[in-house]
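Data block below; observations after.
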Amino acid sequence: MQIREHTGPGAGDKPAIVMYPSGTEVSFRELEARANRLAHFFRSRGLSEGDAVAILMENNEHYHAVMWAARRAGLYYVPINTHLAAAEAAYIIANSGARAVIGSTALADVLAQLPAELPDGMPELLLVAGAGPAPEGWLRYPQCVADQPEQPIDDEIEGDLLQYSSGTTGQPKGIKRELPHVHPAQTPGPMAALIAFWMQPDAVYLSPAPLYHTAPSVWSMQAQAGGITTVVMERFDAEGCLDAIARHRVTHGQFVPVMFTRMLKLPAAVRDSYDVSSLQRVIHAAAPCPVPIKKQMMDWWGPIVDEYYASSEAIGATMITAEDWLTHPGSVGKSALATIHILGEDGEELPPGSPGEIYFEGGRDFEYLGDAAKTASSRDRHGWRTCGDVGYLDEDGFLYLTDRRHHMIISGGVNIYPQETENMLVSHPKVADAAVFGIPDDEMGQSVQAVVQTVDPADATADFADELLDWLRDHLSHFKCPRSIVFEPALPRTDAGKLYKQSLIDKYSR
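According to the numbering used here, the sequence shown is numbered sequentially starting from 2.
As structure tokens, this is what we get:
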């Protein structure tokens, strides 16, 4: 995967990156030059195929150059969540074996704490971007590579992403795949065919989420490989997203459901003040989207909201267009990569309509870095792979997600998947976000607990909790309804919309 073909006369001045809201632009020609200079610098410091480079930066103009440099130098690039504490970031740096870290002065406090958290020593190469004060011992980037050639290194070879899980269920796990050992021109990229089908070179692609997540980094790089301008939001906010679409005439974008919810909760007058008519197709993933939320998005943006289901492990994927979703609401589509199997507790294949653990036959192999037991537990006896999601296939082969296996509540011997209840809660006009989980119960084993964030904090009252419970009982089986509802000002979510549910379980299980 590369961008070189888009840097020639008449094309190279086209923006590859437009930062929002700052407006900073990087052309395809400059992005190529930046990536080449950094790749030469990596080689000059002894980094070779298979080495790892950790990235600890906010969304900024340098992020893509670092990823492109690593890819063409045969390196693993390791994006690190900018919300992590120094000890958590240090764990990823050490676990990945990173020989280099590229950070940002915006995160100078975290960078300065890393030496104390890495008793075996810091990586040998430390670069820092940004205008603020740099920690001691860090080289200024990109100034430190300014004298490097703008031409490609002689030994270009394809690198890859080494993504760490979000850590919502424990210590983050590195998801590592074997490098392909080929020139970048020989690898079109994991989604080249989809991008070519979905977007034309004159498209404008919006990347609203942090680049340290898998989908934003992969989708934006794949768009750039297709010669498509990428508008990168420096930080997501609902109204800002609409402004970015209107201002830059965005045609395509990749979202997560919580972004849809936050945009829909804006006052109608605010939503209507932005022209989003330039949008041609958008796509979403990362978490199940409540059916009412998606229907509202289609009422607003039109039948252009596609969806895919995949994971950082890249073991398989599904895809569903907006048109197919309207006839199969709630589905995440048919297999687009690998064969789907739904397995029961004893490893038996289940018939259509029966929920079980989702396995994929085919797809790329991977390992959880340094965790052979977890790697082994992700395979069944056939070698099919799972990331722990539960769902079912219908008679037409469309997949529906039920929940994560470890989120299941067992109350009075009944298995309850909380996703359905969460989806119903967030469809209420006064609810901004919701989490449902099990807490210990002496009689039932577990009881169902809900935590809700209201759109208006003034609605977080006992009377509204009772109103919500009555409303839920009108829409769901009573055993799926929470025993009680409590309110929080905000729920702990990653920027990709994944819920840190364990922290809530710990809090309310005391």
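Even for Gly, the Cβ is constructed at its ideal location relative to N, Cα and C.
Values in this document were obtained by computation on a predicted structure and should not be read as measured data.
Same chain, Cβ closer than 6 Å to residue i, five either side skipped, listed in chain order
{"i": "Asp395", "result": "Pro353"}
{"i": "His573", "result": "With the chain running from 2 to 511 in the structure shown, residue 573 is simply not present."}
{"i": "Tyr165", "result": "Ile93, Pro173 and Gly175"}
{"i": "Trp139", "result": "Leu127 and Val129"}
Residue j beta carbon less than 8 Å from that of residue i
{"i": "Leu185", "j": "Met68", "result": "Contrary to the premise, residue 185 reads as Pro rather than Leu in this sequence. Not closer than 8 Å, so no."}
{"i": "Glu118", "j": "Ala99", "result": "no"}
{"i": "Gly1", "j": "Ile417", "result": "In the structure as shown, the chain begins at 2 and stops at 511. Residue 1 is therefore absent and cannot be evaluated."}
{"i": "Ser105", "j": "Leu39", "result": "no"}
{"i": "Thr83", "j": "Leu115", "result": "no"}
{"i": "Val453", "j": "Ile506", "result": "no"}
{"i": "His342", "j": "Trp385", "result": "yes"}
{"i": "Leu402", "j": "Val333", "result": "yes"}
{"i": "Glu362", "j": "Ala339", "result": "yes"}
{"i": "Pro124", "j": "Ile94", "result": "yes"}
{"i": "Tyr92", "j": "Gln172", "result": "yes"}
{"i": "Tyr21", "j": "Val183", "result": "no"}
{"i": "Val437", "j": "Pro483", "result": "yes"}
{"i": "Gln225", "j": "Ala17", "result": "yes"}
{"i": "Arg365", "j": "Ala311", "result": "no"}
{"i": "Thr46", "j": "Leu126", "result": "Per the sequence shown, residue 46 should be read as Arg rather than Thr. Against a cut-off of 8 Å, the Cβ pair of Leu126 and Arg46 comes out as a contact."}
{"i": "Ala286", "j": "Ile305", "result": "no"}
{"i": "Asn60", "j": "Pro211", "result": "yes"}
{"i": "Ala55", "j": "Val111", "result": "no"}
{"i": "Leu344", "j": "Asp404", "result": "no"}
{"i": "His383", "j": "Lys502", "result": "no"}
Same chain only: Cβ atoms within 8 Å of residue i, ignoring 5 sequence neighbours per side
{"i": "Arg44", "result": "Ala74, Ile154 and Asp156"}
{"i": "Ala337", "result": "Leu195, Tyr309, Ala318, Thr319 and Met320"}
{"i": "Asp457", "result": "Lys431"}
{"i": "Arg406", "result": "Glu358, Gly389, Asp390 and Val391"}
Simplified DSSP state of residue i, which is helix, strand or coil
{"i": "Ser166", "result": "coil"}
{"i": "Gln223", "result": "helix"}
{"i": "Asp434", "result": "strand"}
{"i": "Asp273", "result": "helix"}
{"i": "Pro352", "result": "coil"}
{"i": "Arg44", "result": "helix"}
{"i": "Ile440", "result": "strand"}
{"i": "Arg35", "result": "helix"}
{"i": "Ala216", "result": "helix"}
{"i": "Asp404", "result": "strand"}
{"i": "Tyr501", "result": "coil"}
{"i": "Gln447", "result": "strand"}
{"i": "Tyr142", "result": "coil"}
{"i": "Ala130", "result": "strand"}
{"i": "Asn96", "result": "helix"}
{"i": "Val427", "result": "helix"}
{"i": "Gly75", "result": "coil"}
{"i": "Val283", "result": "strand"}
Residue i classed as buried or exposed, judged by whether at least 16 other C-beta atoms fall within 10 angstroms
{"i": "Phe256", "result": "buried"}
{"i": "Ile411", "result": "exposed"}
{"i": "Gln144", "result": "exposed"}
{"i": "Glu350", "result": "exposed"}
{"i": "Ser355", "result": "exposed"}
{"i": "Gln152", "result": "exposed"}
{"i": "Asp397", "result": "exposed"}
{"i": "Ser510", "result": "exposed"}
{"i": "Asp254", "result": "Correcting the residue identity first, residue 254 is Gly in this sequence and not Asp. The residue is buried, with at least 16 neighbouring Cβ atoms inside 10 Å."}
{"i": "Asp14", "result": "exposed"}
{"i": "Lys375", "result": "exposed"}
{"i": "Phe480", "result": "exposed"}
{"i": "Pro209", "result": "buried"}
{"i": "Pro150", "result": "exposed"}
{"i": "Pro134", "result": "exposed"}
{"i": "Gly11", "result": "exposed"}
{"i": "Gln447", "result": "buried"}
{"i": "Asp475", "result": "exposed"}
{"i": "Lys508", "result": "exposed"}
{"i": "Val307", "result": "The sequence as given places Asp at residue 307; Val does not occur at that position. With 16 or more other Cβ atoms within 10 Å, it is buried."}
{"i": "Pro441", "result": "exposed"}
{"i": "Ala147", "result": "exposed"}
Beta-carbon proximity list for residue i, same chain, < 7 Å, skipping 5 on both sides
{"i": "Ile294", "result": "Pro258, Phe261, Thr262, Leu265, Val427 and Ser428"}
{"i": "Leu267", "result": "Ala239 and Glu240"}
{"i": "Asn96", "result": "Gly175, Leu370 and Gly371"}
{"i": "Asp161", "result": "Tyr77, Arg178 and Leu180"}
{"i": "Met445", "result": "Ser412 and Gly413"}
{"i": "Ser313", "result": "Gln164, Ser166, Ile176 and Thr215"}
8 Å Cβ cutoff, residue i in contact with chain C
{"i": "Gly345", "result": "Considering every chain present, this structure includes no chain C. It has just one protein chain."}
(message) For the stretch 271–287 against the stretch 40–59, do three or more pairs of beta-carbon atoms, one drawn from each stretch, fall closer than 8 Å, so that the two count as touching?
(response) no
(message) Assess contact between the stretch 212–223 and the stretch 57–72, defined as three or more Cβ pairs (one per stretch) separated by less than 8 Å. Is contact present?
(response) yes
(message) Within 8 Å, do at least three Cβ pairs link the stretch 494–501 to the stretch 456–470?
(response) no
(message) Is it the case that the stretch 243–252 contacts the stretch 26–34, given that we only count it when at least three CB pairs across the two stretches are under 8 Å?
(response) no
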